[in-house]
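Before any comments, here is the structure.
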Amino acid sequence: MTVLRRIGLAIGLPVVLVVVWWFASASSTDFYFPPLEKIVTTFPDTWFGPRMVDDVLPSLLRLFAGYLAALVLGIGLGMLIGANARLRATVEPLLEFLRAIPPPVLVPILMLMAGIGDTMKILVIISGCVWPVLLNTVEGVRAVDEVLADTCRSYRIRGGLRVWHLMVRSASPQIVAGARQALSIGIILMVISEMFAASSGIGFTVIQFKDGFRIPQMWTGVILLGLLGVLLAVLFRLAERRVLVWYHGIRAVQKER
5 MTVLRRIGLA
15 IGLPVVLVVV
25 WWFASASSTD
35 FYFPPLEKIV
45 TTFPDTWFGP
55 RMVDDVLPSL
65 LRLFAGYLAA
75 LVLGIGLGML
85 IGANARLRAT
95 VEPLLEFLRA
105 IPPPVLVPIL
115 MLMAGIGDTM
125 KILVIISGCV
135 WPVLLNTVEG
145 VRAVDEVLAD
155 TCRSYRIRGG
165 LRVWHLMVRS
175 ASPQIVAGAR
185 QALSIGIILM
195 VISEMFAASS
205 GIGFTVIQFK
215 DGFRIPQMWT
225 GVILLGLLGV
235 LLAVLFRLAE
245 RRVLVWYHGI
255 RAVQKER
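Numbering (the numbering used here), first residue to last: 5 to 261.
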């Protein structure tokens with residue numbers, strides 16, 4: 005019953021909001037806020053065609069490239085920093101300083117360093133996505149159970165086996181939490197990076213629609229980004245359930261006690 009209730013809430017609230025928007029905007033004559041019916045009828049012609057290949061696909065490829073690079077970099081550095089207290093104390097002030105810099109501010113700098121191609125856009129995504137992963141990994145490694153660590157030492161489990169079976173598995177719930185935050189940040193930075201000196205992408209196309217006063221098409225881009233965000237969140241949730249099946253099993257057992 006709880007599962008059905010959650011599904012009903014997850015689906016019901018968006019349906020209610022869409023219905024309210026539909027009827028509230030039905031008689032709208034505002035140029036900048038057209039009726040939802042007009043936006044919906046414009047959507048297929050706008051995106052189900054060449055733009056799907058020329059704009060949507062490149063955006064997703066940049067997002068995945070930057071996101072995966074941020075995961076590798078964040079987890080790798082997080083493991084190294086989290087496992088070494090002296091290194092952690094040394095780099096912590098620098099990490100706090102770099103973390104406080106908003107990634108969009110780096111766009112002009114990255115444009116000078118990497119040009120205006122895909123490399124710049126991927127670097128912008130990495131610059132924002134890496135921090136939640138890195139910091140959550142550091143905290144996850146720091147919180148490794150001392151009993152498990154002593155057990156590894158007693159059985160002389162070292163090197164890669166220790167890293168994988170102790171550090172990665174112990175820190176994986178927090179790593180996944182950081183990865184979830186990074187995904188939403190990555191979508192935002194994907195759009196922002198495409199609004200600067202770009203020739204393709206969803207963000208570029210939305211700006212083109214805005215500059216051309218093609219307002220219904222502009223709104224379809226906003227809706228498309230929302231739908232992509234929901235789809236990626238659902239896929240991430242499914243992957244998380246598979247990766248952390250042991251963790252959710254432990255939590256379910258604890259709740260039953």
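From the three backbone atoms N, C-alpha and C, an ideal C-beta is built for every residue, glycine too.
Worksheet item: Can you tell which of Ser188, Pro220 and Phe240 has the C-alpha that lies nearest to the C-alpha of Ile34?
Response: What you label residue 34 is simply residue 30 of the sequence shown in a count that begins at 1. Here residue 34 is Asp; the residue named in the question, Ile, does not match the sequence. Answer by Cα proximity: Pro220.
Discussion item. What residue range does the alpha helix (DSSP H) around Pro97 cover?
Written reply: Sequence index remark: in the sequence shown, residue 97 carries index 93 (1-based). Residues Ala89 to Arg103.
Discussion item. I need the boundaries of the alpha helix (DSSP H) containing Trp135, first residue and last residue.
Written reply: As a working mapping, residue 135 is identified with position 131 in the sequence shown. Asp122 to Arg146 is the extent of the alpha helix (DSSP H) around Trp135.
Practice prompt. Have a look at Leu29 and Val19 and give me their C-alpha separation to the nearest angstrom.
Written response: In the sequence shown, the residue the question calls residue 29 occupies position 25. In the sequence shown, the residue the question calls residue 19 occupies position 15. Per the sequence shown, residue 29 should be read as Ser rather than Leu. Ser29 and Val19: Cα-Cα distance of roughly 15 Å.
Worksheet item: What residues in its chain sit with their C-beta under 8 Å from that of Arg149, if we drop five residues either side in the sequence?
Response: The residue you call residue 149 lines up with position 145 of the sequence shown. First, the residue type needs correcting, since residue 149 is Asp and not Arg in the sequence shown. So the qualifying residues of the chain are Ser174.
Item to complete: Check whether the Cβ atoms of Val137 and Leu75 lie closer than 7 Å to each other.
Response: Residue mapping note: residue 137 aligns to position 133 of the sequence shown, counting from 1. Residue mapping note: residue 75 aligns to position 71 of the sequence shown, counting from 1. A contact, by the Cβ cut-off of 7 Å.
Item to complete: Taking 7 Å as the cut-off, decide whether the C-beta atoms of Leu187 and Gly132 are in contact.
Response: Here residue 187 is taken as the residue at index 183 of the sequence shown, counted from 1. Here residue 132 is taken as the residue at index 128 of the sequence shown, counted from 1. Going by C-beta atoms, Leu187 is not nearer than 7 Å to Gly132.
Worksheet item: Met5: buried (16+ other C-beta within 10 angstroms of its C-beta) or exposed?
Response: Residue 5 sits at position 1 when you count from the first residue of the sequence shown. In this prediction, Met5 has a pLDDT of 48, which is less than 50 and means its spatial position is unreliable; what the coordinates show is noted afterwards. Flag for Met5 reads exposed.
Discussion item. Here's a check: name, in chain order, each residue in its chain whose Cβ is nearer than 6 Å to the Cβ of Gly207, leaving out the five neighbours to either side.
Written reply: For the purposes of this step, residue 207 is taken as the residue at position 203 of the sequence shown. Exclusion of the five residues before and after Gly207 leaves Val195, Glu198 and Met199 as the residues of its chain whose Cβ lies within less than 6 Å of its Cβ.
Discussion item. Let me confirm a value: Asp213 is counted as buried when at least 16 other C-beta atoms fall within 10 Å, else exposed. Which label applies?
Written reply: Along the sequence shown, read from residue 1 onward, the residue named residue 213 stands at position 209. The residue asked about is misnamed: residue 213 is Phe in this sequence, not Asp. When all chains shown are included, Phe213 counts as buried.
Worksheet item: What span of residues does the alpha helix (DSSP H) with Thr46 cover, start to end?
Response: One-based indexing of the sequence shown puts residue 46 at position 42. Counting along the chain, the unbroken alpha helix (DSSP H) around Thr46 starts and ends at Leu40 to Trp51.
Worksheet item: Nearest-angstrom Cα distance between Ala237 and Val109?
Response: If you number the sequence shown from 1, residue 237 lands on position 233. If you number the sequence shown from 1, residue 109 lands on position 105. Just so you know, the alpha carbons of Ala237 and Val109 end up roughly 26 Å apart.
Fill in: Whole-angstrom distance between Arg157 and Leu72, CA atom to CA atom
As a first step, residue 72 is located in the sequence shown; it is residue number 68 there, counting from the start. As a first step, residue 157 is located in the sequence shown; it is residue number 153 there, counting from the start. Cα atoms of Leu72 and Arg157: separation of roughly 32 Å, rounded to the nearest angstrom.
Practice prompt. Would you give the residue range spanned by the alpha helix (DSSP H) that Ala183 belongs to?
Written response: Indexing the sequence shown from 1 puts residue 183 at position 179. It spans Arg173 to Glu198 - the alpha helix (DSSP H) in which Ala183 sits, taken as one unbroken run.
Worksheet item: Any idea if Arg66 is buried or exposed, counting beta-carbon neighbours within 10 angstroms, 16 or more meaning buried?
Response: Within the sequence shown, numbered from 1, the residue matching residue 66 stands at position 62. With 16 or more other Cβ atoms within 10 Å, it is buried.
Practice prompt. Specify whether the segment 165–181 and the segment 88–106 touch according to this definition: at least 3 beta carbon pairs, one from each stretch, less than 8 Å apart.
Written response: The count of Cβ pairs closer than 8 Å, one atom from the segment 165–181 and one from the segment 88–106, stays below three, leaving the stretches out of contact.
Discussion item. Does the beta-carbon of Pro48, which I'm using as the reference point, lie nearer than 6 Å to any heavy atom of the ligand FAD?
Written reply: In terms of ligand content, the structure shown is empty, and the ligand FAD therefore cannot be addressed.
Worksheet entry | Rounded separation between Ala153 and Leu170 - CA only | Stepping through the sequence shown from its first residue, residue 153 is reached at position 149. Stepping through the sequence shown from its first residue, residue 170 is reached at position 166. Their Cα atoms are separated by approximately 7 Å.
Item to complete: Consult DSSP for Thr224 and reduce its assignment to one of helix, strand or coil.
Response: Position 220 of the sequence shown, counted from the start, is the residue given in the question as residue 224. Note: Thr224 maps to helix in three-state DSSP.
Practice prompt. Output the distance between the C-alpha atoms of Glu96 and Ile254, rounded to the nearest integer angstrom.
Written response: Walking along the sequence shown from the start, residue 96 turns up at place 92. Walking along the sequence shown from the start, residue 254 turns up at place 250. Each residue's alpha carbon lies about 33 Å from the other.
Practice prompt. Note down the Cα distance separating Ser203 from Gly70, rounded to an integer number of angstroms.
Written response: Your numbering for residue 203 matches position 199 in the sequence shown. Your numbering for residue 70 matches position 66 in the sequence shown. Rounded to the nearest whole angstrom, the CA to CA distance from Ser203 to Gly70 is 18 Å.
Worksheet item: Given Ile43, which residues of its chain have a CB within under 8 Å of its CB, disregarding the five upstream and five downstream residues?
Response: Position 39 of the sequence shown, counted from the first residue, corresponds to residue 43. The residues are Pro220, Trp223, Thr224 and Ile227.
Worksheet item: By a C-beta neighbour count over all protein chains shown, 10 Å radius and 16 as the cutoff for buried, is Pro107 buried or exposed?
Response: Here the question's residue 107 lines up with position 103 in the sequence shown. Counting of Cβ neighbours within 10 angstroms places Pro107 among the buried residues, the total reaching 16 or more.
Worksheet item: In this structure, does DSSP put Arg162 in helix, strand or coil?
Response: The residue labelled residue 162 in the question sits at position 158 within the sequence shown. If DSSP states are grouped into helix, strand and coil, Arg162 belongs with coil.
Fill in: Gln185 versus Lys259 - alpha carbon distance
Reading the sequence shown from its first residue, position 181 is the one you call residue 185. Reading the sequence shown from its first residue, position 255 is the one you call residue 259. Looking at the two C-alpha atoms, the distance is approximately 26 Å.
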